[in-house]
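Protein chains in written order, with our numbering: chain A, 399 to 613; chain B, 399 to 613. Idealized CB from N, CA, C, for every residue including glycine. For clarity, every value in this text was computed on a predicted model and none was experimentally measured. Just below is one structure, and these are the notes that go with it.
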DNA sequence: TTGTAACGGAACGAAGCATTCCGTTCTGAA
DNA sequence: TTCAGAACGGAATGCTTCGTTCCGTTACAA
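In C-alpha cells:
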C-alpha cells in the first residue's frame, strides 16, 4: 500500500514520507562517506545521514548490500552519460564532455574503489559490458574526427579517470575544480599526436582482477 | 664496535652480517608493503622480509617510527632527483626526466600517502621546504625554455605526481609502464599552451593539511 | 485506543592489530 | 671449551574497531 490516501498523485505525508525521504538521505550520505573512504564504518553513514543504525539495516541486508547498490548506481550513471555523449553531434566534444561529467560525478571512485568489497550481480556484469561497448564507440567516434590521438585504447579511458579521481581535498567543490584542471592537461595531451604513447597499451582483460572479491 | 675484526675494510660476517643485511631487507620489505597499502599491519612487513616481529622492533621504536623513516627517505630521494635534474643542461629535458624518475621511484606514494600517520620531525620540515624550492626552480627553468606552458604552478607538479601514483596493478613493472604512459599524456598536455588551464590554480599552502596528523 | 512500521542507539561478539614477553640460537671473546 | 649476551622467532596480551542484533520508544493509521 504505497499511498494510503487512495490518491495516486498525492505526496506522501507524515511518517511514511519521512521514511521515503530517508531512503534518499541515507543513499546520499553513504555516497559521500564511502567516496571519502571506501573502508569507512557503516556507523559513519548513519551519523552523516542523521539517522540511527537500524534505519540503515531496515533498507539493506548488510554493508555489502549497500556498497553493491552504490557501485551499481555509479555504473548506471556512467552508462547514462556515455549514451548522452554519443548523441552529441561532434565526436570530440562528446568525448571530452563525457570525461568532464564523469569526473564531476566521481563515478570512478564509486565503481573501481568499491570493487572487490562485494560479489557483483549478473546485472552489474551486463552493465559493465555495456559501459565498455559505449566507451569503445565514444573513443572511435572521437578518433574519427582526427582530434583524438589514434594510439589511445579504451582501457586508457579508465586510467585517465583513475588519475583524476585520485585528486581529493576536503572541500568537494575544490576537488572538482582541481580534477577539471588535471583533466584539462590530459585532454590537451590527448589532442596531440606527438610523441606517441609509450609502453604496451593496457589490454582488454587486464583490470578484471579488480572485480574479484578481496579474500 | 661495528667491525670486531679490526679490519675496517673487511666485510662483516656471521651473525653481525646477517643483522646488517636485515636492516636493508626490512626496509625494502616495508617499502613494498606500505606502498601497496599504507594501512598494512606491521606483521605483514615482517612476513615479507622473512623475519620475526622482534627483528623489526629491535630497529624501530614502533610503527610510527618506521613510517616516518620511509617517508623521510622518499623525501630525500625527491630532493636528490631534483638536484640532479637541475644539473641537466636542457630545462625541459630536466623537468620531464625528473618527473619520470620520480614516478618510477614511487616517491609520491611514499610521501603523501604516508603523511598524517606520524608526527614529522623538524628535519623533515626543512627537507620539505627544500623540495619545494627545487620544484620551483625546476619549473621556472622549464618554462624559460618556452616548451612548458606558462600557466602551471609548482603545486600542479604534486597533483600530476599524485595522478600517476594512483595507477597501480599487482605487477610493479607493469605499474611503472602504465604510469609512464599516463605521464606521457600529461607531458604532451603540458607542452602545449592552448587551451589554458581552467580554475583557480592550486595555492601555496593548500595541501598543508595532509601533513597534519590524523586524529 | 491500539497495532505496528520506523527508529535510535546500546550491547554483543568477532576480528585485527601494535606491542610485549619469553625461550632459543648462535657469535665471538676469554 | 665455556658462556654472556646480541639477535631473533613467534606466541600471548590487551586494546580498538566494526558489523550486526536486540530491545525499548515513538508516532502514525485505523
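Exposure label - residue i; buried when at least 16 CB within 10 Å
i: residue 452 of chain B; result: exposed
i: residue 504 of chain A; result: buried
i: residue 527 of chain B; result: exposed
i: residue 428 of chain B; result: buried
i: residue 399 of chain B; result: For residue 399 of chain B, the predicted model reports a pLDDT of 30, less than 50, meaning its position is unreliable; a value from the coordinates is still stated below. Counting Cβ neighbours within 10 Å, residue 399 of chain B comes out exposed, since fewer than 16 surround it.
i: residue 600 of chain A; result: buried
i: residue 523 of chain A; result: exposed
i: residue 419 of chain B; result: exposed
i: residue 598 of chain B; result: exposed
i: residue 414 of chain A; result: exposed
i: residue 480 of chain B; result: buried
i: residue 542 of chain B; result: exposed
i: residue 603 of chain B; result: exposed
i: residue 485 of chain B; result: exposed
i: residue 606 of chain A; result: exposed
i: residue 460 of chain B; result: exposed
i: residue 593 of chain A; result: exposed
i: residue 569 of chain B; result: exposed
For residue i, three-class secondary structure by DSSP
i: residue 520 of chain A; result: helix
i: residue 603 of chain A; result: coil
i: residue 501 of chain A; result: helix
i: residue 414 of chain A; result: helix
i: residue 538 of chain A; result: helix
i: residue 489 of chain A; result: helix
i: residue 437 of chain A; result: coil
i: residue 478 of chain B; result: helix
i: residue 371 of chain B; result: Look at the range of chain B in this structure, 399 to 613, and you will see that residue 371 of chain B is not part of it.
i: residue 570 of chain A; result: helix
i: residue 455 of chain A; result: helix
i: residue 543 of chain B; result: coil
i: residue 512 of chain B; result: coil
i: residue 426 of chain A; result: helix
i: residue 533 of chain A; result: helix
i: residue 494 of chain B; result: helix
i: residue 549 of chain A; result: coil
i: residue 446 of chain A; result: helix
i: residue 579 of chain B; result: helix
i: residue 393 of chain B; result: Since the displayed chain B opens at 399 and closes at 613, residue 393 of chain B lies outside it and no answer follows.
i: residue 565 of chain A; result: coil
Integer-rounded CB distance, given that residue j should sit under 8 Å from residue i
i: residue 489 of chain B; j: residue 540 of chain B; result: 5 Å
i: residue 574 of chain B; j: residue 502 of chain B; result: 6 Å
i: residue 450 of chain A; j: residue 442 of chain A; result: Not really, about 13 Å apart at Cβ, beyond 8 Å.
i: residue 517 of chain B; j: residue 611 of chain B; result: 6 Å
i: residue 446 of chain A; j: residue 430 of chain A; result: 6 Å
i: residue 508 of chain B; j: residue 469 of chain B; result: 6 Å
i: residue 458 of chain A; j: residue 467 of chain A; result: 7 Å
From the options, residue whose alpha carbon lies closest to that of residue i
i: residue 483 of chain B; options: B:473, B:470, B:498; result: B:498
i: residue 456 of chain B; options: B:493, B:480, B:442, B:424; result: B:424
i: residue 547 of chain A; options: A:430, A:521, A:595, A:469; result: A:595
i: residue 417 of chain A; options: A:431, A:430, A:448; result: A:448
i: residue 464 of chain A; options: A:479, A:486, A:437, A:570; result: A:437
i: residue 521 of chain B; options: B:479, B:480, B:508, B:474; result: B:474
i: residue 608 of chain B; options: B:476, B:506, B:589, B:542; result: B:506
i: residue 590 of chain B; options: B:569, B:544, B:580, B:491; result: B:544
i: residue 471 of chain A; options: A:500, A:572, A:440, A:571; result: A:500
Residue i Cβ short of 7 Å to the ligand ADP heavy atom set
i: residue 431 of chain A; result: The ligand ADP is absent from the structure shown, which contains no ligands of any kind.
Segment contact, 8 Å Cβ cut-off, at least three pairs: the stretch 532–552 of chain A with the stretch 521–531 of chain B: Segments in contact, no.
Okay, do the stretch 505–523 of chain B and the stretch 579–586 of chain B touch, 3+ Cβ pairs below 8 Å being the bar? With the cut-off at 8 Å, the stretch 505–523 of chain B and the stretch 579–586 of chain B do not touch.
Quick check: the stretch 558–571 of chain B against the stretch 555–571 of chain A, are at least 3 beta-carbon pairs closer than 8 Å? For the pair of segments examined, the stretch 555–571 of chain A was found to touch the stretch 558–571 of chain B: the number of CB pairs separated by less than 8 Å reaches three.
Counting pairs of beta carbons, one from the stretch 550–559 of chain B and one from the stretch 546–553 of chain A, are three or more of them closer than 8 Å? A contact is defined here as three or more CB-CB pairs under 8 Å, and the stretch 550–559 of chain B fails this definition with respect to the stretch 546–553 of chain A.
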